[in-house]
Amino acid sequence: MTSPILIDRHAAGYAVITLNRPDAMNALSRDLREQFVSAFESCQQDSNVKAVIVTGSGKAFCAGFDLKEMASGFDANVAEASENMIATVMANFDGPIIAAVNGFAITGGFELALACDVIIASTNAKFADTHARVGVLPGWGLSQRLPRLIGLSRAKEMSFTGNTIDAQQACEWGLVNHVVAPEALLTSAQKLAEEMCGCVPGIVSKYKQLIDDGYSMPLVD
307 MTSPILIDRH AAGYAVITLN RPDAMNALSR DLREQFVSAF ESCQQDSNVK
357 AVIVTGSGKA FCAGFDLKEM ASGFDANVAE ASENMIATVM ANFDGPIIAA
407 VNGFAITGGF ELALACDVII ASTNAKFADT HARVGVLPGW GLSQRLPRLI
457 GLSRAKEMSF TGNTIDAQQA CEWGLVNHVV APEALLTSAQ KLAEEMCGCV
507 PGIVSKYKQL IDDGYSMPLV D
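In our numbering, the protein residues as written are 307 to 527.
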């Protein structure tokens, strides 16, 4: 049976974690989520891994929670950080996390991308927050992160309608750092990861903490 999560460590100091359920648009099944958490914990414990790239196999980054599994009654499909460790392990990773968004990033998949420090999107990428359409509330920080990136009114429009925006629109709004051709997506993310890993050892993780801690503080602090 094919693993729903692939992890590839590179000598340059970064790892690539790939969501590997292409036939299901990399939907967040319970098994995938558990293996995703284990992969991130493994990276956190590996001193040679200074950055992580998260991407999806096939034509989607991640379509969100597995609706078929939800219908079968798995309680673990509730999108709350208290019931799922994905948000926690990503927040606990002290190096930069790069999302390489190759296609649809929808609802839980959108939250996954927003939990990364940098988002690179292919021209095929599309983003949508459909929580309101399916009748659940976000639990991994989308309601805080999205307004900070694109502004309050744009975030409300996306969340209240569930409408999709493409990669170019996402870049113009400040959601995405770079838009590249699909065939250049992973190499672009790897180049960025290598540049980050090439900085003075330990400084990027400290800088990340400084920026994250200071974002909500007044300048005098």
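Ideal placement from N, C-alpha and C gives every residue a C-beta, glycine not left out.
Since the structure is predicted, the reported quantities are computational estimates derived from the model, not experimental observations.
When secondary structure is reduced to three states using DSSP, R327 falls in the coil class, being assigned neither helix nor strand. Residue range 311-315 is occupied by the beta strand (DSSP E) that includes L312. Counting only runs that start and end inside the stretch 367-454, the alpha helix (DSSP H) elements of at least 4 residues fall at 373-377, 392-398, 414-420, 437-440.
If you draw a 10 Å sphere on the C-beta of Y320, you find 16 or more other C-beta atoms in it, and that means buried. For L481, the secondary structure class from DSSP, reduced to helix, strand or coil, is coil. In the structure shown, V343 adopts helical secondary structure according to DSSP, grouped into three states. G520: not part of any beta strand (DSSP E); member of the alpha helix (DSSP H) spanning 509-520, first to last residue. Non-local C-beta neighbours of G480 in its own chain, meaning closer than 7 Å and more than five positions away in sequence, comprise L455, I456, ordered along the chain. Inter-residue distance for V358 and N332 is about 18 Å (C-alpha atoms, whole angstroms). Of the residues Q474, T436, D314, I509, the one whose Cα lies closest to the Cα of K462 is T436. Counting the other Cβ atoms within 10 Å of the Cβ of E417 gives 16 or more, which makes it buried.
Counting along the chain, A357 sits inside the beta strand (DSSP E) bounded by residues 357-362.
Taking C-beta separations shorter than 6 Å and ignoring five residues to either side along the sequence, the partners of F433 in its chain run A411, F416, I471, A476, following chain order. CA-CA distance, V424 to S494, rounds to 12 Å.
With respect to the C-alpha of I404, the residue from P444, V482, S353 having the closest C-alpha is V482.
Taking all protein chains in view, the Cβ of M464 is crowded by 16 or more other Cβ atoms within 10 Å, so the residue is classified as buried.
L492: member of the alpha helix (DSSP H) spanning 491-503, first to last residue.
DSSP, read as helix, strand or coil, puts A487 in coil. The alpha-carbon separation between P328 and A369 amounts to approximately 10 Å.
The three-state reading of DSSP puts D472 in strand, counting E and B together. Beyond the five residues adjoining it in sequence on each side, L312 comes within less than 7 Å, by CB distance, of T324, N326 in the same chain, given in chain order. Checking the DSSP bridge columns, you'll see L338 has no partner listed.
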